[in-house]
Structures are given as structure tokens and as C-alpha cells.
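Residue numbers (the working numbering): 2 to 231.
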């Protein structure tokens, strides 16, 4: 992979499919500097020029936009690369996959196998060897894992949630929670079981734009300044 492509670009898109923003990010990755221009046409020309005669790999991660015109606007700005250049789109929506596909059918990722999902959950829920001492927790834990739908994020979040819980009834409360109506809302269970101060700390992060990259030191200092850390 490292040698096959001249340029490798990974953009986290999420629900903000803004062509200008995406092209600015692509330009910055390719040139190692910001575009310094607010004109979309100028940015498009800059991207085309800097990808010219280069084989590139572009990953557009977590795309939600279902507007084909917007996708075509972006795609038309990425035509100057050499043969073998590739664009990979990841999405949770079938319509997006249908809109963005070109020469190949969408590849559907399945969830983890039950054994792999349990292994991941166990690594977060137990200290090494602890599960041998708590067979009843293992039984309940496997029942929790059966509701994760093979989603790694759910397995990790719920494993982390029950790690500090020692009593069987605490694990059973997680297993029997009404929030299991959908898999993704199960992740809310982790948030709801945090302390009030910890929930405030996470809520503070919502002040930043989606996909904003912050350093650990930066967020800790901000939490401290707002009296969110003791």
C-alpha cells in the first residue's frame, strides 16, 4: 500500500458533505499546506493540478450525503490522477453506496463473529484471568454480547461500562435495559452510567466541530479551566 500509491488521503466526511471543505482538506494533505483561497473554482484547479500524473488513494469515511449532484461535483474534481487511482467510500446507507459506486458493487461489511465479539468485550470487561473467578459474570456477559449485533464499538463500550461493576445484578441491569431496542442507542448506556461530572466533560466536547482533532493536553486544560476536573 505504501509503495503502490503516490498519495494517500483519508477524509472523515460524516454528515457534512461540503465539497469546498473536502477539496480544501484534500489539497492540504497533498500539498502539506492550506489552500489559502475561498474560491471553489480555484481550489478545484489546485487539487486537479496537484493530483496530475499521480496515482492516489482517497478514502472518504462515513459518508451520509444522498445528493448525487454533490457527489458528482466532488468526483469531477478528482479526474486528473493517473490510471490506478482509487476512491473508497464507506457509508452506513445503501442509497449512498448506490450513488457513489462506479465499476464495482458495494462491499458489505458484516459484524464480528460471536466468538470475536466476545473476545473483544472480554478484553475490556475483565482484567486478565478475572473471568475465571466470575463464571456468572461470564454467562451474563455473553448474553450482553449477543445483543451487540457484532458491532465492535458496542462491544468495546459495553465492556468498558461493566468493567467497574462487581455485582451480578449490575450486569443484569445492562443486559435487561430497555435501551437495547436499537444497537447504536446501546452506546448511550455507557454515557448514562458515567458520573455527572464525567457526563459534563463529554458534553463539553460538543462545543467543537464534528471530527475536530484535539490533543489530550488541550482538552484536559479546557476541562480544568471550567472546573470539570478535580
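No residue lacks a Cβ here, since even glycine has one placed at the ideal position from N, Cα and C.
Does the separation of the CB atoms of residue i and residue j fall below 9 Å?
i: residue 58; j: residue 24; result: no
i: residue 80; j: residue 51; result: no
i: residue 142; j: residue 119; result: yes
i: residue 267; j: residue 36; result: Nothing in the structure corresponds to residue 267, since the chain is present only between 2 and 231.
i: residue 127; j: residue 138; result: yes
i: residue 69; j: residue 6; result: no
i: residue 147; j: residue 115; result: yes
Where does the unbroken beta strand (DSSP E) through residue i begin, and where does it stop?
i: residue 110; result: Unbroken run through residue 110: none, as it is neither H nor E.
i: residue 62; result: 57-64
i: residue 1; result: Because the chain in this structure spans residues 2 to 231, residue 1 falls outside the shown range and cannot be described.
How far does the alpha helix (DSSP H) with residue i in it extend, from its first residue to its last?
i: residue 24; result: 20-32
i: residue 99; result: 95-101
i: residue 13; result: Premise fails: residue 13 lies in the beta strand (DSSP E), 8-15, not in any alpha helix (DSSP H).
i: residue 144; result: 136-146
i: residue 153; result: 153-163
i: residue 118; result: 115-126
i: residue 42; result: 41-52
Whole-angstrom Cβ separation of residue i and residue j, contact assumed at under 8 Å?
i: residue 48; j: residue 28; result: 5 Å
i: residue 122; j: residue 156; result: 4 Å
i: residue 45; j: residue 78; result: 5 Å
i: residue 205; j: residue 170; result: About 32 Å; that fails the 8 Å criterion.
Quick one: is the Cβ of residue i within less than 8 Å of any heavy atom of the ligand MN?
i: residue 54; result: With respect to the ligand MN, the structure offers nothing, as it holds no ligand at all.
task: Decide if the region 61-78 is in contact with the region 4-22; the criterion is three or more beta carbon pairs, one per stretch, under 8 Å apart.
output: At 8 Å Cβ cutoff, the stretches touch.
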